[in-house]
Each structure stands twice: as C-alpha cells, then as structure tokens.
Amino acid sequence: MMWPTTNARWQAHEVPKRMLKPGAVPSLNQAKSTSTIRLASLAVVAGGALWGLYWVPIRMFEELGLTGVWPGLVIYVAALAIIAPFAFAVKFPTVSKWQFAWVGLLTGAAFTFYGTAITLTDVLRALLLFYLTPVWGTAIGVMFLGERLTLARVLAILMAFGGLFAVVGCGSRSGFNLGDVLALASGIFWAIGSYKIYKVGNIPPIHLTLAFLVGSIVVTFVLLLVAGDTLGSRTEFPPIQDLWLYAVLSGLFAVPMILLTMWPASILTPGRMGILLMSEVVVGIGSVALLAGEPFGPFEALGAALILGASLTEVIGNRS
Numbered sequence: 592m593m594w595p596t597t598n599a600r601w602q603a604h605e606v607p608k609r610m611l612k613p614g615a616v617p618s619l620n621q622a623k624s625t626s627t628i629r630l631a632s633l634a635v636v637a638g639g640a641l642w643g644l645y646w647v648p649i650r651m652f653e654e655l656g657l658t659g660v661w662p663g664l665v666i667y668v669a670a671l672a673i674i675a676p677f678a679f680a681v682k683f684p685t686v687s688k689w690q691f692a693w694v695g696l697l698t699g700a701a702f703t704f705y706g707t708a709i710t711l712t713d714v715l716r717a718l719l720l721f722y723l724t725p726v727w728g729t730a731i732g733v734m735f736l737g738e739r740l741t742l743a744r745v746l747a748i749l750m751a752f753g754g755l756f757a758v759v760g761c762g763s764r765s766g767f768n769l770g771d772v773l774a775l776a777s778g779i780f781w782a783i784g785s786y787k788i789y790k791v792g793n794i795p796p797i798h799l800t801l802a803f804l805v806g807s808i809v810v811t812f813v814l815l816l817v818a819g820d821t822l823g824s825r826t827e828f829p830p831i832q833d834l835w836l837y838a839v840l841s842g843l844f845a846v847p848m849i850l851l852t853m854w855p856a857s858i859l860t861p862g863r864m865g866i867l868l869m870s871e872v873v874v875g876i877g878s879v880a881l882l883a884g885e886p887f888g889p890f891e892a893l894g895a896a897l898i899l900g901a902s903l904t905e906v907i908g909n910r911s
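For the sequence shown, the residue numbers in the numbering used here are 592 to 911.
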C-alpha cells in the first residue's frame, strides 16, 4: 500500500467553490487532497479501534506477572525490533532532530501514560479519561490553528467535562487514583503531540512510528527513575520462554496500531483526530463489557454517553 506523503497535508484543504471559476473542474491536486483526507480519516478510525483493544495484551502480560510500566515497555521494545530495519532502510526526513525528538517524546509520553493507566485503574476509566482528547485538541485548534470557538464546541466541552465528573465523581469507584491521573494526562500529551506532528508535517509514517516507539521507551525509563516503586520497578520477569511469544504477537499488533494513528496526525487537525479516535471508546467499551467483567454502572454509562455525545456535537455542529 502506498501512503500519501505528508506534504499532501498542505494540499489537503479543498479550494472553496467560490474560488473556482464558473464551470471549472477541480484540479487533480484538489481531488487527490480530498482522497488523502478521506484515507487519513479512515486510517485513524481503524487505528482507534485497535487502541480500543490495547488493554487485551496489557492484561495478558499482567497475568504473566508484569505490572505498572512493564507491559507497555515489552510491547514497545518488540514493536521497535520489528519496525527498525524498515525505518532505517528509508531516507530520514530533513526536519530538525529536535523536532523529531519532540514528536517522539510527546506522543510516546501520551501512550506510555495510557498503557500504564490501564494497569492501575479500570480500563473503562482509562478510556474515558483519555478520551477528553477532543477538548484539548479543540483548545489547541482555537488557540494556534485559527479555528473558531463555536457554540457547538462550547457545548461539546461542557458535555465532556460533565462526563468526566460522572465517571470520576459518581462512578462505581469515585475519586482519582494514579491511574486516573495518568489517563487524563495521556490525552493532554496526545493532543499536544498530534499538534506537533501536524505542524512539522514532513515526516514519513514509518519514521513517525519509530519516533513514537523510541519516545515511549525513553519516557518509560524516566517513569521508572521517578516513581519506580509505584510503577513496578521491582517486578520479577517471567521466564523468557513464557514471555517471548506474547512479546512478538503484541509487537505485531502494535505496529499497525501506531502507524494508523501517527500518519493521520500529519494530515488532520488535532481536534479532528480526537473526534475520529472515538472508535477507540466504542471498541473499548464493547470489548471490556464482553471480556473483562469490570464494573460499568449507570454513572459510567452516563459519562460514556456524555463524552461520546461531546464528540458528535463537535462533528455535527461544526460541519462546513
């Protein structure tokens, strides 16, 4: 499959009809830009669906005895081993090394926090707290990308925070724990990281994935240094014969999941990225309800409805 170049992002906004002469036919670049946006949108929906299942390999590693940051670290190392030979075979982009590093650290922090949150709190709480991402993405769009703060966006933000209160303040297990804090922080870091990818633009998808994985590993070791006892620094590793197959399978699962999330971020604005990632919540809620047996009471249902409703309000209320 040929990935459109990230430079297509700059062609990715259709020329308004008023700028076309009467009877003019849109150019090939305009048609291509529309297809690029559509492909990126489909990709992030698919990537979000895979992220909605990310808790499954995390829980598998927990059953083997790995806790805290270790399940995520094993997955990222395995994925890095798979993708690195391909990434180094492709010419690296001409962007600044600092820009490349910031992309990796911000996005790596986002999903390192998210993966760790799954081990420290309920999967549904981690999902819903991360999914306040559209709020942060909209804030970035309004402040830095010239997007308008419409009535629909204000309503969406109020609904999202109402959902947050329903889940955390009134849910089956009220109050914040460390996992909840990490889940909330992960959404903020992802909104900032996706904005950074969007601004930098010209990084091939495979190198975006490489940056993500390296950043995730670096952030994981920083977490171990700062809060090792809390996040599993004393975890005893299971025998390698029990671990390697899970590591390989989870790495093969993670590579397309990350590719399908990182590449669209170079094409789509952070707000739109956050909205389309709601496929993660839908798949996550469904899979947890079927497989995990975690508490999902009326306030969790209300919170999920409000947070998903916030995303739908953003989409429907701001159509051009």
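Ideal Cβ placement from N, Cα and C applies to all residues, glycine included.
Item to complete: State the start and end residues of the unbroken alpha helix (DSSP H) segment that holds SER841.
Response: Here residue 841 corresponds to residue number 250 of the sequence shown, with the count starting at 1. Per DSSP, the unbroken alpha helix (DSSP H) holding SER841 starts and ends at 831 to 856.
Fill in: Beta-carbon spacing of ALA700, VAL805 below 9 Å
Your numbering for residue 700 matches position 109 in the sequence shown. Your numbering for residue 805 matches position 214 in the sequence shown. For ALA700 and VAL805, no; Cβs fall outside 9 Å.
Discussion item. Measuring alpha carbon to alpha carbon, tell me which residue in ALA895, THR904, GLY900 is nearest LEU718.
Written reply: Taking the sequence shown and counting its residues from 1, one reaches residue 718 at position 127. The alpha carbon of LEU718 has as its nearest neighbour, out of ALA895, THR904, GLY900, the alpha carbon of ALA895.
Item to complete: May I ask you to report which of helix, strand or coil DSSP gives ASP713?
Response: Within the sequence shown, numbered from 1, the residue matching residue 713 stands at position 122. Coil.
Practice prompt. Helix, strand or coil for PRO889, going by three-state DSSP, please let me know.
Written response: Numbered from 1 along the sequence shown, position 298 holds the residue referred to as residue 889. Helix, per DSSP.
Worksheet item: Span of the alpha helix (DSSP H) holding GLY656?
Response: Within the sequence shown, residue 656 is the residue found at index 65, counting from 1. Taken as a continuous stretch (DSSP letters only), GLY656 belongs to no alpha helix (DSSP H), as it is neither H nor E.
Item to complete: Could you check the C-alpha separation between PHE652 and PHE828 for me, to the nearest Å?
Response: Within the sequence shown, the letter at position 61 stands for residue 652. Within the sequence shown, the letter at position 237 stands for residue 828. Each residue's CA atom was taken as its position, placing PHE652 and PHE828 some 10 Å apart.
Discussion item. Which residue wins for smallest C-alpha separation from THR904, given the options VAL636, ILE797, GLY865?
Written reply: Counting from one through the sequence shown, the residue named residue 904 turns up at place 313. For the residues VAL636, ILE797, GLY865, the minimum Cα distance to THR904 belongs to GLY865.
Item to complete: Taking the CB atoms as reference points, tell me whether LEU638 and PRO796 lie closer together than 9 Å.
Response: Along the sequence shown, one-based indexing puts residue 638 at 47. Along the sequence shown, one-based indexing puts residue 796 at 205. Rather than Leu, the amino acid found at residue 638 in this sequence is Gly. No.
Discussion item. Buried or exposed, going by whether 16 or more other CB atoms sit within 10 Å of the CB of GLU654?
Written reply: As a first step, residue 654 must be located in the sequence shown, where it is residue number 63. So GLU654 counts as exposed.
Worksheet item: Are there three or more Cβ pairs, one per stretch, closer than 8 Å when the region 869 to 883 is compared with the region 685 to 705?
Response: Remark: fewer than three beta-carbon pairs, one from each stretch, lie closer than 8 Å, so the region 869 to 883 and the region 685 to 705 are not flagged as touching.
Item to complete: Measure how close the beta-carbons of LEU641 and MET853 come, nearest whole angstrom, since I'm counting them as under 8 Å.
Response: Counted from its first residue, the sequence shown places residue 641 at position 50. Counted from its first residue, the sequence shown places residue 853 at position 262. About 12 Å separates the two Cβ atoms, so there is no contact after all.
Item to complete: Please classify SER777: is it buried, with 16 or more other beta-carbons within 10 angstroms of its beta-carbon, or exposed?
Response: Counting from 1 along the sequence shown, the entry for residue 777 is found at position 186. By the neighbour-count rule (16 or more Cβ atoms within 10 Å), SER777 is buried.
Worksheet item: Since GLY751 contacts VAL726 with CB under 8 Å, what's their CB separation in whole angstroms?
Response: As a first step, residue 751 must be located in the sequence shown, where it is residue number 160. As a first step, residue 726 must be located in the sequence shown, where it is residue number 135. Per the sequence shown, residue 751 should be read as Ala rather than Gly. ALA751 to VAL726, Cβ: 5 Å. Contact.
Worksheet item: Among PHE756, TRP646, GLY877, which residue has its Cα nearest to the Cα of THR712?
Response: In the sequence shown, the residue the question calls residue 712 occupies position 121. Out of PHE756, TRP646, GLY877, TRP646 has the C-alpha closest to the C-alpha of THR712.
Worksheet item: Between ILE731 and PRO648, which are expected to be in contact by the criterion C-beta below 8 Å, what is the C-beta distance as a whole number of angstroms?
Response: The count along the sequence shown starts at 1 and reaches residue 731 at position 140. The count along the sequence shown starts at 1 and reaches residue 648 at position 57. Wrong, their Cβ atoms sit about 30 Å apart, outside the cutoff.
Worksheet item: Any heavy atom of the ligand SAH closer than 8 Å to the Cβ of VAL817?
Response: This structure simply doesn't include the ligand SAH, nor any ligand for that matter.
Practice prompt. Could you tell me whether the Cβ atoms of LEU723 and ILE876 are closer together than 9 Å?
Written response: In the sequence shown, residue 723 corresponds to position 132, counting from 1. In the sequence shown, residue 876 corresponds to position 285, counting from 1. Not a contact, by the Cβ cut-off of 9 Å.
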